[in-house]
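Residue numbers for the sequence shown follow my numbering, beginning at 160 and rising by one.
Glycine included, every Cβ here is placed at the ideal spot set by N, Cα and C.
For reference, the structure is listed below as structure tokens.
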Amino acid sequence: MTAACPFLGAGELAQIIGTSGIVAKEEPPGKTDTAPKYTCAYGTGDPPRESAPRLYFFAFTKADPNTPVSSTAKNCTGPSTSLPGVGDAAMYCELDDYWTTLAIAKRVHGETRMVDLHLPHHRDDVYTQVAKLLGERL
């Protein structure tokens, strides 16, 4: 995989979070210290605003699935909520007064794939629904 947008369509996200008129736009790829980083921005403008939800996709060659999820949880302002049965490791937590992050990792084809979705705050069932969908697609 060399893109984030194929994991979650704009229409799917719009239906899950209860909005309409958003589009998915793949941003230029980046790189972290340990993996390539692909970003999909969901919004109504071009380019999408900073307040647009974003889905990040990473593929780590040697990481245990718990490692990137635990690392993401360290950015939380409060406790994280684990999501058993979703991927090999999954959780969501608040990043600040506006954003929640949802991280799912799974070992696939000899690598650990992780998606990290940043959404404005929603109900807990929204996070569970989108996590299950993303976990199946990893």
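Use the C-beta contact count for residue i: other C-beta atoms within 10 angstroms, 16 or more gives buried, fewer gives exposed.
i, result
"Tyr251", "buried"
"Tyr286", "buried"
"Ala169", "buried"
"Gly202", "buried"
"Thr198", "buried"
"Gly246", "buried"
When DSSP builds the beta bridges, which residues end up paired with residue i?
i, result
"Cys252", "Thr260"
"Val274", "Phe216, Ile263"
"Pro279", "Trp258"
Report the residue from the options whose alpha carbon sits nearest the alpha carbon of residue i.
i, options, result
"Arg266", "Glu253, Leu276, Pro279, Ala249", "Ala249"
"His281", "Val228, Gln174, Gly180", "Gln174"
"Phe217", "Ala183, Asp247, Ala169, Met160", "Met160"
"Pro165", "Ser179, Gly180, Leu214, Leu278", "Leu214"
Can you find a C-beta in chain D that's less than 7 Å from the C-beta of residue i?
i, result
"Thr287", "This model lacks chain D altogether; it includes just one protein chain."
If you reduce the DSSP assignment to three classes, tell me which class residue i lands in.
i, result
"Lys221", "coil"
"Leu297", "coil"
"Gly121", "Residue 121 lies beyond the stretch modelled for the chain, which goes from 160 to 297, so this question has no answer here."
"Gly170", "helix"
"Val245", "coil"
"Ala162", "coil"
Q: Take every Cβ of the stretch 170-189, pair it with every Cβ of the stretch 236-245, and state whether three or more of those distances are shorter than 8 Å.
A: With fewer than three CB-CB distances shorter than 8 Å, the stretch 170-189 does not count as touching the stretch 236-245.
Q) Hey, is the stretch 191-203 in contact with the stretch 253-261, meaning 3+ C-beta pairs nearer than 8 Å? A) Contact fails: fewer than three Cβ-Cβ distances are below 8 Å.
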